[in-house]
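To start, the structure itself, in structure tokens.
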Ligand code: SMG
Ligand code: MG
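Residue numbers (our numbering): 5 to 387.
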């Protein structure tokens, strides 16, 4: 007997198309990883890849393949039959390996942080449930609610933009983020600022500008933005440093930050003064916590990004966002921002905040009927 995995593929329609500088989607391809223990308890993790490699090099079909063919098999020595209390990091029934040992084993494979994060989180959920400990307690959460922002895709017109932002403001979101790209930036910002002069506002370009756009990016300064997120390609740290030297608005990195070391490099080099932490992008919640700790030490504010997660990924992100260094509102919106029906009980906004789950592990489970209805495929992977 050993831990087995089920890779669930789901399709969930979005309430409205979400367009960014790298493409548009109207249905979310979701991958949920379920780790099932000897005693029949399940741990869950969400793989946040998109269907195509637009945000980063990872994509959903590739992530499923690498999980099945490489990542899960590489964990075999930790998960296989015959383990017992003598296995380092295991507990007395030997069922679930300790989070650090899972991270170390997965680190042998290069890249694929989103796939690694999904597997690590499913096992972490199981391990925490065995200890009756919540993810928030484990990570060091210091709050029971988190401030929520919302990320607004590129719509068809300024009229549509104002209508959409208006709904979010009405619902109580504490910060608005506009997706921008060349040709959809200053006019959109001007329109939103004219309507809401005071609302905390920021933009995300998903790498759509170039170093030569510095003079254009300077024009963003007049809109009193909290930050400009990832204006340039992910490997262009020098470009971000150069932009920072001419633009007054703080530059925040997302795609460029893949590890504790890359975070430290970007900070020390002067390429960023704020960091968006996404567990999927950095290979899991342990790495995410470590980047948070580094940023606290270096006085760099952080906030929790989003990847259109279902309730499974959202629950875990909210636990992370409750750590003390997360001082800016996250892209941790309520379920109804994305989906008419979530796969878990919905997360509901309350005065611009979401409540940090308190149950064991990530604190939520998929609702069986919803999972069945949304499922397009499931694959059992045994070690
Ligand atoms: O989960 O609300 C969300 C989406 C937040 O804008 C968001 N994410 O670069 O930060 C980002 C994007 C990546 C996903 S876009 C499909
Ligand atoms: Mg981003």
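Even for Gly, the Cβ is constructed at its ideal location relative to N, Cα and C.
Got a sec: does the ligand SMG put a non-hydrogen atom nearer than 6 Å to the Cβ of residue 337?
-> For the ligand SMG, at least one heavy atom lies less than 6 Å from the Cβ of residue 337.
Starting from residue 22 and walking both ways along the beta strand (DSSP E), at which residues does that stretch end?
-> Taken as a continuous stretch (DSSP letters only), the beta strand (DSSP E) holding residue 22 covers 8 to 24.
Let me know the beta strand (DSSP E) ranges lying completely inside the segment 225 to 264, each 3 residues or longer, listed in chain order.
-> Taking only runs of at least 3 residues, the beta strand (DSSP E) segments lying wholly in the segment 225 to 264 are 255 to 257.
Is the distance from the Cβ of residue 49 to the Cβ of residue 323 below 7 Å?
-> No, they are not a contact pair.
Could you tell me the distance, in whole angstroms, from the CA atom of residue 105 to the CA atom of residue 20?
-> If I take the Cα positions, the gap works out to 41 Å.
Along the chain, which unbroken stretches of the alpha helix (DSSP H) at least 4 residues long are found entirely within the segment 107 to 147?
-> Runs found: 117 to 134 and 139 to 143.
Range covered by the alpha helix (DSSP H) that runs through residue 357 = For residue 357, no alpha helix (DSSP H) run applies; the uninterrupted beta strand (DSSP E) run containing it begins and ends at 357 to 359, by DSSP.
Burial state of residue 273, where buried means 16 or more other Cβ atoms lie within 10 Å = With fewer than 16 other Cβ atoms within 10 Å, it is exposed.
Is the beta carbon of residue 210 less than 7 Å from the beta carbon of residue 25?
-> Contact: yes.
Can you round the beta-carbon distance between residue 146 and residue 362 to whole angstroms, since I take them to be within the 8 Å contact cut?
-> That pair is no contact at about 14 Å.
Cβ contact check for the segment 293 to 303 and the segment 256 to 274: 3 or more pairs under 8 Å = Taking a cut-off of 8 Å on C-beta distances, the segment 293 to 303 touches the segment 256 to 274, as three or more cross pairs fall below it.
Which residues count as close to the ligand MG when the rule is a CB under 7 Å from any of its heavy atoms, in chain order?
-> Around the ligand MG, the residues selected by a Cβ distance under 7 Å to any of its heavy atoms are 208, 210, 233, 234, 258, 259, 280 and 309, following chain order.
From the DSSP output, in three-state form, read off residue 39 for me.
-> Note: residue 39 maps to strand in three-state DSSP.
Who are the near neighbours of residue 57 in its chain, counting only those whose CB is closer than 7 Å to its CB and skipping five residues on each side?
-> Same-chain partners within the cutoff: 63.
Minimum length 3: unbroken beta strand (DSSP E) runs contained in the segment 163 to 188 | Segments of the beta strand (DSSP E) lying fully in the segment 163 to 188: 179 to 183.
Would a check of beta-carbon distances place residue 383 closer than 7 Å to chain E?
-> Among the protein chains of the structure shown there is no chain E, as only one such chain exists.
Assumed close pair residue 150, residue 180 - CB separation to whole angstroms, cut-off 8 Å = So it is not a contact: roughly 17 Å between Cβ atoms.
Which stretch, first to last residue, makes up the alpha helix (DSSP H) that contains residue 299?
-> Segment 289 to 301, the alpha helix (DSSP H) holding residue 299.
State yes or no: is the C-beta of residue 155 nearer than 6 Å to some heavy atom of the ligand SMG?
-> True, at least one ligand heavy atom lies under 6 Å from that Cβ.
How should residue 152 be labelled, buried or exposed, when 16 other C-beta atoms within 10 angstroms of its C-beta is the threshold for buried?
-> By the neighbour-count rule (16 or more Cβ atoms within 10 Å), residue 152 is buried.
Beta carbon of residue 24: closer than 6 Å to some heavy atom of the ligand SMG?
-> Between the ligand SMG and residue 24, a heavy atom-to-CB distance of less than 6 Å is present.
With respect to 6 Å, is the separation between the Cβ of residue 63 and the closest non-hydrogen atom of the ligand SMG below this value?
-> Flag unset: Cβ of residue 63 not near the ligand SMG.
Do residue 312 and the ligand SMG come close, with the Cβ less than 6 Å from some heavy atom?
-> It does: the Cβ of residue 312 is within 6 Å (strictly closer) of some heavy atom of the ligand SMG.
N-terminal and C-terminal residue of the alpha helix (DSSP H) that residue 377 is part of = Unbroken alpha helix (DSSP H) run through residue 377: 372 to 378.
Which residue comes first and which comes last in the beta strand (DSSP E) that contains residue 285?
-> Residue 285: not part of any beta strand (DSSP E); DSSP gives it neither H nor E.
If you drop the 5 nearest sequence neighbours on each side, which residues of the same chain put their C-beta closer than 7 Å to that of residue 378?
-> Taking residue 378 as the centre and dropping the five residues before and after it, the same chain places the C-beta of 14, 15, 16 and 347 closer than 7 Å to its C-beta, in chain order.
For residue 386, I'd like the list of residues in its chain whose CB is within less than 6 Å of its CB, leaving aside the five on either flank, ordered along the chain.
-> Answer for residue 386: 8, listed in chain order.
Verify whether the separation of the beta carbon atoms of residue 284 and residue 52 is less than 7 Å.
-> Yes. Within cutoff.
Mark residue 370 as exposed unless 16 or more other C-beta atoms lie within 10 angstroms of its C-beta, in which case mark it buried.
-> So residue 370 counts as buried.
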